[in-house]
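Colleague: After the structure tokens below, expect a handful of questions from me.
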Amino acid sequence: MNNCSISPFIDSSYLASPNFVAFSCHIITIIEIPLSIYGAYCILFQTPAKMKPVQFLILNLHFWNTLSDLFLCFIGIPFLYLPSISGFDLGLLESPAVTFYVGVTLVLAMIAAVLSIYENRFYKLFAHKTTWKHIRKAYLIAVYTSIPFIFLPPFLTIPEQETAQSFILAKLPCLPKFTFNDEELFVLSISPVIPLLCIAFASLFLAVPIITFFSMTLYHLLTKKKLVTLSAKTLAIHRKFLKSVSIQSISTAGIVLVPLTTFICFMMFWYHNQKLNNLGYLVLSLHGSVSTIVMILVHKPYRDFTFSLCWKPQRNSPTIIVTDKSNQLQNSFNVVV
């Protein structure tokens with residue numbers, strides 16, 4: 002990174018370094034892999050019969066959560082040089098353009114999986130006899146096929162790199178000499194306008210339908226409208242599942258939205274703080290692990306199975322009856338096996 006602006010406020014701390022991001026992502030990966038495998042096991046083998054209709058939806062969400070997390074923490078680890086939309090790759094790909102595009106696309110696919118769950122609940126409970134029945138498949142196909150194209154526009158207008166690098170590095174402070182300084186800076190866009198428009202479109206295209214399906218489902222569940230064919234027990238099961246999925250979705254959304262909102266503010270107000278860039282990215286990369294942990298805790302079958310592994314109940318000690326023939330009195334005592 003040559004020709005950058007000379008600033009007396011260069012952050013040379015370890016938290017601001019690429020080394021910190023790479024090391025932290027490797028630690029997250031070590032935790033993420035066994036946790037995700039265990040989560041998949043719970044979904045495949047510990048899902049009770051009453052949850053079988055939504056088993057695939059839960060597995061689909063878990064798959065995209067895990068894949069996006071592993072990509073961001075292991076395969077491609079972008080070092081974000083915000084407020085410019087630039088950085089370099091610390092992962093296996095060593096291709097910042099591919100890392101940026103695939104990383105964002107996988108996160109969008111994860112959000113689409115959340116949308117699928119809420120749409121499915123709305124359809125199965127209330128809309129299976131409405132016109133929505135005839136258009137829902139086309140709608141879901143349109144959603145999933147649109148995911149790879151939502152963030153494509155910035156990659157169609159990538160600036161000439163040498164000129165863009167000089168422009169960005171002249172406006173941002175130099176980074177200290179870290180291990181990864183030999184990596185070439187990749188500039189996706191000089192102006193944040195197109196990327197921000199893509200983020201705005203994704204919010205309208207995915208977030209608004211999620212909120213709509215959730216609100217309509219919750220309203221009907223609470224008012225019991227159109228539920229004359231469902232028993233009180235079945236209704237309670239649907240309410241409980243909606244609550245569990247919502248807790249999982251909200252926790253994941255919080256992990257994603259907090260750093261994303263911070264990054265957007267950095268871009269809009271052209272604020273550079275490499276330490277916050279790194280910490281924000283690490284928070285974002287935790288979304289898969291957090292989602293898996295919350296999934297295990299909020300769904301009772303998975304929670305009970307997990308607790309049974311951690312705290313196995315003690316077996317009752319057998320009781321042996323000994324008869325004293327001299328006085329014909331029975332005394333009992335426990336023998337611990």
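Under the working numbering, read the sequence shown as residues 2 to 338, first letter to last. Beta carbons are placed, not taken as given, at the ideal position from N, Cα and C, and that holds for glycine. Remember, it's a predicted structure, so these values are computed and weren't measured experimentally.
#1: Give every residue of the same chain whose Cβ lies closer than 6 Å to the Cβ of Asp70, excluding the five residues on either side of it in the sequence, and list them in chain order.
#2: Give the DSSP-derived three-state secondary structure of Asp90 in the structure shown.
#3: Go ahead and pull the three-state DSSP assignment for Phe152.
#4: Within 10 angstroms of its Cβ, does Val194 collect 16 or more other Cβ (buried), or is it exposed?
#5: Do Leu126 and Leu45 have their C-beta atoms closer together than 9 Å?
#6: Does Lys19 come out as helix, strand or coil in the three-state DSSP assignment?
#7: Considering just the uninterrupted stretch of the alpha helix (DSSP H) at Leu170, what are its terminal residues?
#8: Taking the straight line between their C-alpha atoms, what separation do you get for Ile29 and Ile86?
#9: Please work out which residues of its chain come closer than 6 Å, Cβ to Cβ, to Val108, disregarding the five sequence neighbours upstream and downstream, and give them in chain order.
#10: Does DSSP classify Leu243 as helix, strand or coil?
#11: Less than 7 Å between C-beta atoms, sequence neighbours within five positions excluded: which residues of the same chain meet that for Phe101?
#12: Within 10 Å of its beta-carbon, does Ser250 have 16 or more other beta-carbons around it, so buried, or fewer, so exposed?
#13: Name the residue from Cys74, Lys241, Ala50, Leu153 whose alpha carbon lies nearest to the alpha carbon of Pro196.
#14: Specify the secondary structure class of Ser190 as computed by DSSP and reduced to three states.
#15: Could you give the first and the last residue of the continuous beta strand (DSSP E) run that contains Leu310?
#16: Does Leu287 come out as helix, strand or coil in the three-state DSSP assignment?
#17: With DSSP collapsed to three states, give me the class of Pro260.
#18: Among residues of its own chain, excluding the 5 on either side of Phe264, which ones have a beta-carbon nearer than 7 Å to its beta-carbon?
#19: Provide the residue span of the beta strand (DSSP E) that contains Phe80, from first to last.
#20: For the alpha helix (DSSP H) that Ala50 lies in, which residues bound it at each end?
#21: Does the count of Cβ pairs from the segment 300-315 and the segment 206-217 closer than 8 Å reach three?
#22: Looking at C-alpha atoms only, which residue of Phe187, Ser245, Lys234 is the closest neighbour of Phe215?
#23: Residues in the same chain with beta-carbon distance under 6 Å from Ser25, minus the five sequence neighbours each way, listed in chain order, please.
#24: My guess is that Phe72 and Gly40 are in contact by the Cβ rule of under 8 Å, so how many angstroms apart are they, rounded?
#25: Select from Phe21, Ala233, Ile191, Thr158 the residue whose C-alpha is nearest the C-alpha of Ala171.
#26: For a quick check, are the C-beta atoms of Ser286 and Thr253 less than 9 Å apart?
#27: How is the alpha helix (DSSP H) around Asp70 delimited, first residue to last?
#28: Helix, strand or coil for Tyr272 per DSSP?
#29: Who are the near neighbours of Leu94 in its chain, counting only those whose CB is closer than 8 Å to its CB and skipping five residues on each side?
#30: When we look at the beta-carbon of Ser13 and count the other beta-carbons within 10 Å, is it buried (16 or more) or exposed?
#31: Contact defined as beta carbons within less than 8 Å: I believe Phe156 pairs with Ala98. What is the distance between those atoms, to the nearest angstrom?
#32: In whole angstroms, what separates the C-alpha of Phe202 from that of Cys311?
#33: In chain order, what residues of the same chain have a beta carbon less than 7 Å from the beta carbon of Val299, not counting five sequence neighbours either side?
#34: From the DSSP output, in three-state form, read off Glu33 for me.
#35: Going straight from the alpha carbon of Ser18 to that of Tyr42, what length do you get?
Modeller: Answer, in terms of the structure:
#1: Only Glu33, Gly289 meet the Cβ criterion.
#2: DSSP places Asp90 in the strand class (E or B) of the three-state scheme.
#3: Note: Phe152 maps to coil in three-state DSSP.
#4: With fewer than 16 Cβ atoms within 10 Å of its Cβ, Val194 is classed as exposed.
#5: No. Outside cutoff.
#6: Reading the sequence as shown, one finds Pro at residue 19 and not Lys. The DSSP-derived three-state label of Pro19 is helix.
#7: Note, Leu170: alpha helix (DSSP H), 162-172.
#8: If I take the Cα positions, the gap works out to 24 Å.
#9: So the qualifying residues of the chain are Ser69.
#10: Looking at Leu243 - three-state DSSP - the assignment turns out to be helix.
#11: Excluding sequence neighbours, Phe101 sits near Pro79, Leu189.
#12: Buried, since its Cβ has 16 or more Cβ neighbours within 10 Å.
#13: Closest by alpha carbon: Leu153.
#14: Strand at Ser190.
#15: Note, Leu310: premise wrong, no beta strand (DSSP E); alpha helix (DSSP H) at 301-311.
#16: Here Leu287 sits in coil by DSSP.
#17: Reduced to three states, the DSSP call for Pro260 is helix.
#18: Within the same chain, Phe264 has close Cβ partners Leu83, Gly281.
#19: Per DSSP, Phe80 belongs to the beta strand (DSSP E) from 79-81.
#20: Boundaries cannot be given for Ala50, as no alpha helix (DSSP H) includes it and DSSP labels it neither H nor E.
#21: With a cut-off of 8 Å, the segment 206-217 and the segment 300-315 do not count as touching, because too few Cβ pairs lie within range.
#22: When Phe187, Ser245, Lys234 are compared, the shortest CA-CA separation from Phe215 is found for Ser245.
#23: Here the set comprises Leu283.
#24: Rounded, the Cβ-Cβ distance is 17 Å, inconsistent with contact.
#25: If you compare the alpha carbons of Phe21, Ala233, Ile191, Thr158 with that of Ala171, the shortest gap goes to Ile191.
#26: No; because the gap between Cβ atoms is not below 9 Å, this pair is not in contact.
#27: Run containing Asp70: 56-71, per the alpha helix (DSSP H) assignment.
#28: Collapsing the DSSP output to three states places Tyr272 in coil.
#29: Here the set comprises Ile76, Gly77, Thr100.
#30: When all chains shown are included, Ser13 counts as exposed.
#31: In this structure, Phe156 and Ala98 form a Cβ contact; the two beta carbons are roughly 7 Å apart against a cut-off of 8 Å.
#32: The alpha-carbon atoms of Phe202 and Cys311 are separated by roughly 45 Å.
#33: Around Val299, the same chain offers Ser245, Ile248, Gln249 as residues with beta carbons nearer than 7 Å, after the five sequence neighbours per side are excluded.
#34: Glu33 falls in the helix class under three-state DSSP.
#35: Cα-Cα distance, rounded: 37 Å.
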